[in-house]
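Colleague: The sequence shown begins at 1 in my numbering and counts up by one.
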Amino acid sequence: MSAFANSGGGHFVVGVDESGNADGGISTTVGRQGLRDWLDQAIHRVEPVPGHQITLIEDSAGRGTLE
Numbered sequence: 001m002s003a004f005a006n007s008g009g010g011h012f013v014v015g016v017d018e019s020g021n022a023d024g025g026i027s028t029t030v031g032r033q034g035l036r037d038w039l040d041q042a043i044h045r046v047e048p049v050p051g052h053q054i055t056l057i058e059d060s061a062g063r064g065t066l067e
């Protein structure tokens, strides 16, 4: 996260292959915590906190793609 903040930003995409196809998705939880909340907490450990937007897209099986 700090590398993105130091370089002027970008996109960090999880669960999608290099061709842009969903590769089966990722778990939308980390332990008992939701993936979005976990990532938001990780981002807030960087000082100063970079501007960010988290988008979680879930399929019907509960797998997700995080952008």
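Note that CB positions come from ideal geometry on N, CA and C, so glycine has one too. Note that the coordinates shown come from a computational prediction; the quantities given were computed from them, not determined experimentally.
1) If we ignore side chains and look at the alpha-carbon of each, how far apart do leucine 56 and asparagine 6 end up?
2) Would you give the residue range spanned by the alpha helix (DSSP H) that isoleucine 43 belongs to?
3) Between the Cα of glutamate 58 and the Cα atoms of Arg36, Ile43, Asp17, which residue gives the shortest distance?
4) What is the rounded straight-line gap between the Cα of glycine 9 and the Cα of glutamine 53?
5) Rounded to the nearest angstrom, what separates leucine 39 and valine 46 at their Cα positions?
Modeller: Once the coordinates are examined:
1) Here residue 56 refers to the residue found at position 56 of the sequence shown. Here residue 6 refers to the residue found at position 6 of the sequence shown. The straight-line gap from Cα to Cα measures roughly 24 Å.
2) Translated into positions along the sequence shown, residue 43 becomes position 43. It spans 35-43 - the alpha helix (DSSP H) in which isoleucine 43 sits, taken as one unbroken run.
3) Locating residue 58 in the sequence shown gives position 58, where the first residue counts as 1. Among Arg36, Ile43, Asp17, the Cα nearest to that of glutamate 58 is on Arg36.
4) Mapped onto the sequence shown, residue 9 falls at position 9. Mapped onto the sequence shown, residue 53 falls at position 53. Glycine 9 and glutamine 53: Cα-Cα distance of roughly 11 Å.
5) Position 39 of the sequence shown, counting from 1, holds the residue named residue 39. Position 46 of the sequence shown, counting from 1, holds the residue named residue 46. Approximately 12 Å between the Cα atoms of the pair.
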